[in-house]
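Q: Chains as they are written, first to last, in our numbering: chain A, 327 to 590; chain B, 2 to 206; chain C, 2 to 206.
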Amino acid sequence: MSADRLPFAGEDPAGEGQEDAGTEDGALYLELDGWEGPLDLLLDLARRQKVDLRQISILALVDQYLDYIEHAEALKLELAADYLVMAAWLAYLKSSLLLPREEQEEPSAEELALRLQLRLQRLGAMREAAARLMACDRIGRDVFLRGAPEGLRIERKTLWKCDQYALIGAYGRVKARTAPAVHMVRERPVMTLESALDRVSAMLGVTLDWMELREFLPAHAEPRLRRSALASSFVAALELARLGRAELQQDETFGALRLRRVRR
Amino acid sequence: MTEIERAIEAALFAAEEPLGVEELARFLGDAPHDKVRQGLEALSDHYATRGLRVVERGRRWHFETAPELAHFLRRERQQVRSLSRAATEVLAIVAYHEPVSRAEIESIRGVQTSGGTLDVLMEAGWIRIAGRRDVPGRPTIYATTPEFLDHFGLASRRDLPGIAELRATGLLDPVEEAFDALMGADDGREEILGEGDERGGPHAS
Amino acid sequence: MTEIERAIEAALFAAEEPLGVEELARFLGDAPHDKVRQGLEALSDHYATRGLRVVERGRRWHFETAPELAHFLRRERQQVRSLSRAATEVLAIVAYHEPVSRAEIESIRGVQTSGGTLDVLMEAGWIRIAGRRDVPGRPTIYATTPEFLDHFGLASRRDLPGIAELRATGLLDPVEEAFDALMGADDGREEILGEGDERGGPHAS
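1) Note down, in chain order, every chain B residue with its Cβ under 8 Å from the Cβ of A:Gln490.
2) Looking at C:Leu119 and C:Val136, is the spacing between their C-beta atoms short of 8 Å?
3) What residues of chain B sit near A:Gly473, judged by a beta carbon separation below 8 Å?
4) If you drop the 5 nearest sequence neighbours on each side, which residues of the same chain put their C-beta closer than 8 Å to that of A:Glu350?
5) Cα-Cα, which of A:Leu523, A:Ala372, A:Glu513 is closest to A:Ala555?
6) So is B:Thr50 buried or exposed if we call it buried at 16+ other beta carbons inside 10 Å?
7) Under DSSP, the beta strand (DSSP E) around C:Gly132 begins and ends at which residues?
8) Helix, strand or coil for A:Leu356 per DSSP?
9) In chain order, what residues of the same chain have a beta carbon less than 7 Å from the beta carbon of B:Arg60, not counting five sequence neighbours either side?
10) Using the Cα positions of B:Gly154 and A:Gln490, report the straight-line distance between them to the nearest angstrom.
11) Taking 7 Å as the limit between beta carbons, can you name the residues of its chain near B:Gly40, skipping five residues before and five after?
12) Counting contacts by CB-CB distance shorter than 8 Å, is C:Ile109 in contact with chain A?
13) For C:Leu122 versus C:Ala144, is the C-beta distance shorter than 8 Å?
14) Between the alpha carbons of B:Leu53 and B:Ala12, how many angstroms are there, rounded?
15) In whole angstroms, what is the alpha-carbon distance linking C:Phe28 and C:Ala15?
16) Suppose you measure from the CA of A:Leu534 to the CA of A:Val588; what does that come to, to the nearest Å?
17) With a CB to CB cut of under 6 Å and the five nearest residues on each side skipped, what residues in its chain are close to A:Arg584?
18) I need the straight-line Cα distance from A:Glu578 to A:Val516, nearest angstrom please.
19) Suppose contacts are defined by Cβ-Cβ distances below 8 Å. Is B:Ala71 in contact with B:Leu161 by that definition?
20) How long is the line joining the alpha carbons of A:Phe580 and A:Arg540, rounded to whole angstroms?
21) List the residues of chain C whose Cβ lies closer than 7 Å to the Cβ of A:Leu478, in chain order.
22) Just to make sure I have the definition right: I need the residues of chain A whose C-beta is within less than 8 Å of the C-beta of B:Leu92. Which are they?
23) Hey, how far is the Cα of A:Leu307 from the Cα of A:Val469?
24) What do you get for C:Gly132, buried or exposed, if any count of 16 or more other CB atoms within 10 angstroms of its CB means buried?
25) For A:Val588, return the contacting residues in chain B, with the cut-off set at a CB-CB distance below 9 Å.
26) Can you grab the Cα-Cα spacing for the pair B:Thr114 / B:Ile106, in whole Å?
27) So, at 8 Å on beta carbons, what are the nonlocal neighbours of A:Leu410 in its own chain, with the 5 sequence-adjacent residues on each side left out?
28) With A:Leu365 and A:Leu387 assumed to form a contact (beta carbons below 8 Å), what rounded beta-carbon distance in angstroms separates them?
29) On the criterion of 16 or more Cβ atoms from any shown chain inside 10 Å, does A:Lys420 qualify as buried, or is it exposed?
30) Enumerated in chain order, which unbroken segments of the alpha helix (DSSP H) with a length of 4 residues or greater are wholly contained in the segment 33 to 106 of chain C?
31) How about A:Phe470: is its C-beta nearer than 8 Å to some C-beta of chain B?
32) Would you say B:Gly52 reaches chain F, if we count a Cβ-Cβ gap shorter than 8 Å as a contact?
33) Considering just the uninterrupted stretch of the alpha helix (DSSP H) at A:Gln381, what are its terminal residues?
34) Checking the sheet assignment: what are the DSSP bridge partners for C:Thr141?
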């Protein structure tokens, strides 16, 4: 194991989830005496030496810890595993401390011990700070705020903005919207179905030959009239075919459409 | 300041409701009522000239802020907002047709007008209630205010452009026509279909 | 008692939240900040021996009852949430080391800290996310809030119990730093210790 890193307590369930629930009633911590994990446990053991953390004997601490592990068989399994990792590390530290200095490898046991001591000091300091913090004059426990403050009121006042153009424009809009609507349809260049029907049937009457639809259109019409004439003439051709007065022929899809008069 | 005064002061402050002498006495570990009353009087005197007062209301005591400081405790915040389109239309109708009832406004606008719109205009100080129309139901009628003329830079309502002028500036053109004018004349260029032979419809040759 | 003191007194009394100097000044019609500050000091002095106190908490001021009167007022109103031991330790670590990452908290406590503990403290409004540490992984860092100072009756973080001594004795410095100092400024041999890369330098502020 990495000799310089203290093992952490394992998963949270073993760490503090339970503590939130169990600190007060002591259900879980009874057997652990309030200890949460290896570092916690060490800190507590160190405090029992009743000396300054800077002067604790790491060796004595290690002895106590290993002793504790031996007697704590009833520990929760996950916790126990952590404790054992810690125990292994501490046993290693202890042996290093007992060995003659020359035979030690880097980092030296003294360095490891010092680092452990520093960590314990820092944790101890925070423990104490937390306790002092909780002893502060707390709102709702030691000091009280006003029972029913009426509150400071901020009244919003709106300054409305609008200008002459918007005003007059709005009136114009209303007038325009509600003015009686007059619809004018502009004259458009169209050939009605009626005139197409007349025109196509008249032209069919002239010949018995097949004629292409295109030939029925007015020759010099402007493009838009031509398009209208094409559409109307096509419908006229269909109508004549329906009435049995003309027959239609188209060789292929989109091919030229031809028609001729039906002989009677 | 006596211990009992300090305790009363704290209790009145922290209480959610005014407290009577009996309640206070119980709070203070069954203090004698006259001691409590003395304490209340002393506090009342102490605060008489401060920002807070200790006052008795219906035999119960409480703290309150000095009435003349009320204006400090209410702050006004001004906020500039543009009038909505609907409100602008209603305002214009009132200006052109005043005095006018809500039903008349609605019939001119062609849509229902929420009461909130009229409220906004009254809050802005631009329209006012100008009495009631002498017809069945006696509806409230509205007119513009001098502030209205002021705000819009008009010497009088006669300065509002007339219908003829509105028409001349195009403000009275029906929407569709104005739209067509803007979009350019119908010249066939925007026809979607091209020539029949380019496109090969079923009937194309 | 000056007019401004009376107004501040009334405003602090009526307010639902502690007020800062700027807010107070705005309520008092843009009073000069130094006048407001003077007024607050005067009020604080006036109330120092009374049943109420005017106190500063994280640059905001409010009225509260004097702590030694707690026994009168406690009675049936115990509103303080009780914190688990883990939560109190985490809170202390955040307060004394802020801003601090979860990994740093864990390295001090020697145990993993569940996210739930931080959540409880954030829900209480005592700690907040204060950004991310600019190191690989960009861990979230935490700091205390003005409400924390308010709740625990601290004018500022300088008033945290014993923080000056802790700082002077180096107990707020990371272990590695203290170790190096003790070993005579070693040159990175203990980089193998691995914690160097997790933390962005000393986290005590």
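C-beta atoms are modelled at their ideal positions from N, C-alpha and C, and glycine is treated no differently. Here the structure is a predicted model, which is why all the values come from computation and not from measurement.
A: Inspection of the coordinates gives the following:
1) Your numbering for residue 490 of chain A matches position 164 in the first sequence. Those within 8 Å of A:Gln490 in chain B are Phe153, Gly154, Leu155.
2) Against the third sequence, residue 136 of chain C aligns to sequence position 135. Against the third sequence, residue 119 of chain C aligns to sequence position 118. Taking the C-beta atoms as reference points, C:Leu119 is found no nearer than 8 Å to C:Val136.
3) Position 147 of the first sequence, counted from the first residue, corresponds to residue 473 of chain A. What A:Gly473 touches in chain B: Phe14, Ala15, Ala16, Glu17, Glu18.
4) The sequence position of residue 350 of chain A within the first sequence is 24, counting from 1. Since pLDDT at A:Glu350 reaches only 35, below the 50 mark, its modelled position is unreliable, and the value read off the structure follows with that caveat. Counting only Cβ-Cβ distances below 8 Å, and skipping sequence neighbours, we find nothing.
5) Residue mapping note: residue 555 of chain A aligns to position 229 of the first sequence, counting from 1. If we check each option's Cα against that of A:Ala555, A:Leu523 comes out closest.
6) Numbered from its first residue, the second sequence carries residue 50 of chain B at position 49. Exposed.
7) In the third sequence, residue 132 of chain C corresponds to position 131, counting from 1. Note, C:Gly132: beta strand (DSSP E), 128 to 133.
8) Counting from one through the first sequence, the residue named residue 356 of chain A turns up at place 30. Its pLDDT being 31, under 50, A:Leu356 is placed unreliably in this model, and the value from its coordinates should be taken loosely. DSSP places A:Leu356 in helix when its eight states are reduced to three.
9) Your numbering for residue 60 of chain B matches position 59 in the second sequence. The answer, listed in chain order, is Gly21.
10) Translated into the one-based positions of the second sequence, residue 154 of chain B becomes position 153. Translated into the one-based positions of the first sequence, residue 490 of chain A becomes position 164. The alpha-carbon separation between B:Gly154 and A:Gln490 amounts to approximately 8 Å.
11) Reading the second sequence from its first residue, position 39 is the one you call residue 40 of chain B. Exclusion of the five residues before and after B:Gly40 leaves Thr3, Ile5, Glu6, Ile9 as the residues of its chain whose Cβ lies within less than 7 Å of its Cβ.
12) Counting from one through the third sequence, the residue named residue 109 of chain C turns up at place 108. C:Ile109 has a beta carbon lying within less than 8 Å of a beta carbon in chain A.
13) For the purposes of this step, residue 122 of chain C is taken as residue 121 along the third sequence, with counting starting at 1. For the purposes of this step, residue 144 of chain C is taken as residue 143 along the third sequence, with counting starting at 1. Not closer than 8 Å, so no.
14) Here residue 53 of chain B corresponds to residue number 52 of the second sequence, with the count starting at 1. Here residue 12 of chain B corresponds to residue number 11 of the second sequence, with the count starting at 1. Within the model, the alpha-carbon separation for B:Leu53 versus B:Ala12 is close to 15 Å.
15) Here residue 28 of chain C corresponds to residue number 27 of the third sequence, with the count starting at 1. Here residue 15 of chain C corresponds to residue number 14 of the third sequence, with the count starting at 1. So the two alpha carbons sit approximately 12 Å from each other.
16) Here the question's residue 534 of chain A lines up with position 208 in the first sequence. Here the question's residue 588 of chain A lines up with position 262 in the first sequence. In this structure, the straight-line span from the alpha carbon of A:Leu534 to that of A:Val588 is close to 8 Å.
17) By 1-based counting over the first sequence, the position of residue 584 of chain A is 258. In chain order, Trp536, Glu538, Gln575 place their CB closer than 6 Å to the CB of A:Arg584, counting only its own chain and leaving out the 5 sequence neighbours on each side.
18) Taking the first residue of the first sequence as position 1, residue 578 of chain A is located at position 252. Taking the first residue of the first sequence as position 1, residue 516 of chain A is located at position 190. A straight line joining the alpha-carbon of A:Glu578 with that of A:Val516 spans about 29 Å.
19) Looking up residue 71 of chain B in the second sequence gives position 70. Looking up residue 161 of chain B in the second sequence gives position 160. B:Leu161 sits away from B:Ala71, with the two beta carbons spaced by 8 Å or more.
20) Stepping through the first sequence from its first residue, residue 580 of chain A is reached at position 254. Stepping through the first sequence from its first residue, residue 540 of chain A is reached at position 214. About 13 Å.
21) Within the first sequence, the letter at position 152 stands for residue 478 of chain A. Result: Ala12, Ala15, Ala16, Phe28.
22) Within the second sequence, the letter at position 91 stands for residue 92 of chain B. What B:Leu92 touches in chain A: Cys488, Leu493, Ala496.
23) A query on residue 307 of chain A cannot be resolved here, the shown segment of chain A reaching from 327 to 590 and no further.
24) Within the third sequence, the letter at position 131 stands for residue 132 of chain C. It is exposed - the Cβ of C:Gly132 has fewer than 16 other Cβ atoms within 10 Å.
25) Walking along the first sequence from the start, residue 588 of chain A turns up at place 262. Those within 9 Å of A:Val588 in chain B number zero; the least Cβ separation is about 20 Å.
26) The residue given as residue 114 of chain B occupies position 113 in the second sequence. The residue given as residue 106 of chain B occupies position 105 in the second sequence. So the alpha carbons of these two residues sit roughly 8 Å apart.
27) By one-based count along the first sequence, residue 410 of chain A stands at place 84. These residues qualify, in order along the chain: Ile395.
28) Here the question's residue 365 of chain A lines up with position 39 in the first sequence. Here the question's residue 387 of chain A lines up with position 61 in the first sequence. The pair is not a contact, with the Cβ atoms about 12 Å apart (cut-off 8 Å).
29) One-based indexing of the first sequence puts residue 420 of chain A at position 94. Buried.
30) Counting only runs that start and end inside the segment 33 to 106 of chain C, the alpha helix (DSSP H) elements of at least 4 residues fall at 34 to 48, 71 to 75, 86 to 98.
31) If you number the first sequence from 1, residue 470 of chain A lands on position 144. Taking 8 Å as the threshold, the shortest C-beta distance from A:Phe470 to chain B falls below it.
32) Structure shown: chain F not included; protein chains present are A, B and C.
33) As a first step, residue 381 of chain A must be located in the first sequence, where it is residue number 55. Unbroken run through A:Gln381: none, as it is neither H nor E.
34) Working through the third sequence from its first residue, we reach residue 141 of chain C at position 140. BP columns for C:Thr141 point to C:Arg133.
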